[in-house]
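Numbering (the numbering used here), first residue to last: 492 to 754.
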Amino acid sequence: MPSPIATALDRLERTRVWRSIFRSGKGRSTLHNALVIQQSVFLHLFSVKVRKRMLSLGATWYLGTLTLATFLLLVVTGVLLMLYYHPSVPQAYTDVKDLQFVVSSGLFLRNLHRWSAHAMVFLAFAHMFRVFYRGAYRPPREFNWVVGVVLLLITLLLSYTGYLLPWDQLAYWAITVGTNISSAVPLVGDKIRFLLLGGHFVNANALLRFYVLHCVILPLSAVLFLAVHFWRIRKDGGLYVRESEPGAAEAAQTSTTEEREKP
Ligand code: HEM
492 MPSPIATALD RLERTRVWRS IFRSGKGRST LHNALVIQQS VFLHLFSVKV RKRMLSLGAT
552 WYLGTLTLAT FLLLVVTGVL LMLYYHPSVP QAYTDVKDLQ FVVSSGLFLR NLHRWSAHAM
612 VFLAFAHMFR VFYRGAYRPP REFNWVVGVV LLLITLLLSY TGYLLPWDQL AYWAITVGTN
672 ISSAVPLVGD KIRFLLLGGH FVNANALLRF YVLHCVILPL SAVLFLAVHF WRIRKDGGLY
732 VRESEPGAAE AAQTSTTEER EKP
C-alpha cells in the first residue's frame with residue numbers, strides 16, 4: 492500500500508497548478524526523462540543522461556560540486572551580512588564590530604562567510620587541477636576550460652573586493668598595495684587604479700565601489716558564467732571519460748590483443 496505522503500504527492504502532481512509549472516510530469520521512459528529535463532528552465536542546463544561511473548567520488552572528487560556548494564553558502568551568508576552592514580566610512584568598521592560582539596550569532600555568520608570564501612578559492616584551484624589531471628580540458632571542452640578560467644578570476648576578485656569591506660588597517664593597506672600593483676600595468680595602469688578606487692586614494696569612493704563589485708557585479712557575473720559552464724558540460728557530451736575519445740576504443744583493443752599475443 493502506498494504511504495500517505497506518496498499518495499499526497501501523487502495528488503499534488505495531478506493538480507492543475509502543478510501541471511501548469513511542470514508540464515511533462517515524471518519521466519516514465521528515457522524519451523520522457525529527456526523531455527522533463529528539457530522543459531525545466533533549471534534542469535535544462537544539465538545532461539539528460541549521466542554515466543553511472545562519473546557519479547562516483549573517484550571520477551571528479553566532487554570538487555566542482557563542492558565549489559558550487561561553497562558559492563551558494565557565500566551567497567546566503569553574504570545576503571544575511573548585508574542586513575547588518577553599511578558601506579560608509581563612519582559606519583563600516585563599527586558595523587563589523589557590532590556584528591561580532593552584539594548581533595546574536597553574528598560572529599558565527601561572519602566566520603562562516605570568511606571560511607567559505609577561503610574554501611571556495613582552494614576548491615576552485617583543486618577542481619582546476621583535477622580537470623587538468625584527467626585531461627578534461629581537451630577538445631571539445633577547451634571553451635569550458637576558458638569559462639572555468641573566467642570563473643577562477645571572478646572567485647579571486649570576489650575574495651579581493653571583500654577584503655576592504657571590514658575597513659580596518661589590514662583591509663586599508665591590502666587594498667592600497669593591491670591597487671598600487673595594478674597601477675604598474677604598462678600604459679593603462681593609472682587608469683585601472685583610478686577606475687577601481689573612484690579617485691586617487693583609498694577612501695569612501697573606493698569602499699562604495701568595492702561594495703558594489705563584491706555584492707552585485709561579481710556575484711551576478713559568477714551566476715552567468717556558472718550557467719554557461721554547466722550548459723557547456725551538457726553540450727560537450729557530459730563529463731569527460733577517456734574511452735569516449737575518437738580512437739580510444741580501438742587503441743584499447745589493440746593493446747589488449749598485443750598483450751595476449753606476447754610470448
Ligand atoms: C566557481 C568555480 C567553478 C565551479 C563552481 C565549477 C563547477 C563545475 C562542476 C559542478 C563541474 C562538473 C563536475 C566536476 O567536474 O567536478 C565542472 C566541470 C568542469 N569544469 Fe568547473 N567549476 C569552476 C571552476 C572551473 C575552473 C577554474 C576550471 C578550469 C580552469 C574549470 C573547468 C571545468 C571543465 C573543463 C569541466 C568539464 C570536466 C569534464 O568534462 O569532465 N572549472 N565544473
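The beta-carbon is built from N, C-alpha and C at its ideal position, and this holds for glycine as well.
Within the same chain, and ignoring the five residues on either side of W636 in sequence, the residues whose Cβ sits closer than 6 Å to its Cβ are Y628. Sequence-distant Cβ neighbours of L572 in its own chain, meaning closer than 8 Å and more than five residues away, are L590, L600, R601 and H604.
The Cβ atoms of V638 and F533 do not sit closer than 8 Å to each other. Annotation note: the segment 621-708 contains the following uninterrupted alpha helix (DSSP H) runs of length 4 or greater, listed N- to C-terminal: 633-655, 660-673, 680-688 and 695-703.
Per DSSP, the unbroken alpha helix (DSSP H) holding W509 starts and ends at R507 to I512. Looking at the backbone, the Cα of R684 and that of Y651 are separated by about 14 Å.
If you look at G569, you'll find it in the alpha helix (DSSP H) that goes L554 to M573. Contact check for G549 against H618 fails: the beta carbons are separated by 8 Å or more. By the neighbour-count criterion, in which 16 or more other beta carbons inside 10 Å mark a residue as buried, Y702 falls on the buried side. Ranked by Cα distance from P630, the first of T521, L526, R723 and H523 is R723. In this structure, the alpha-carbon of A615 lies about 13 Å from that of H720. In its chain, beyond the 5 residues on either side, T670 have a beta carbon closer than 6 Å to the beta carbon of L687. The nearest non-hydrogen atom of ligand 1 is less than 7 Å from the C-beta of F562. Taking a 10 Å sphere around the C-beta of A499, we find fewer than 16 other C-beta atoms and assign the residue as exposed. Between R625 and Y731, the CB-CB gap stays under 8 Å.
Taking S515 as the centre and dropping the five residues before and after it, the same chain places the C-beta of L526, V527 and Q530 closer than 6 Å to its C-beta, in chain order. In the same chain as T558, and ignoring 5 residues on each side of it, the C-beta atoms closer than 7 Å to its own belong to M611, L614, A615 and H618, in chain order. Distance from the C-beta of A627 to the nearest heavy atom of ligand 1 is below 7 Å.
A665 has its Cβ no nearer than 7 Å to any heavy atom of ligand 1.
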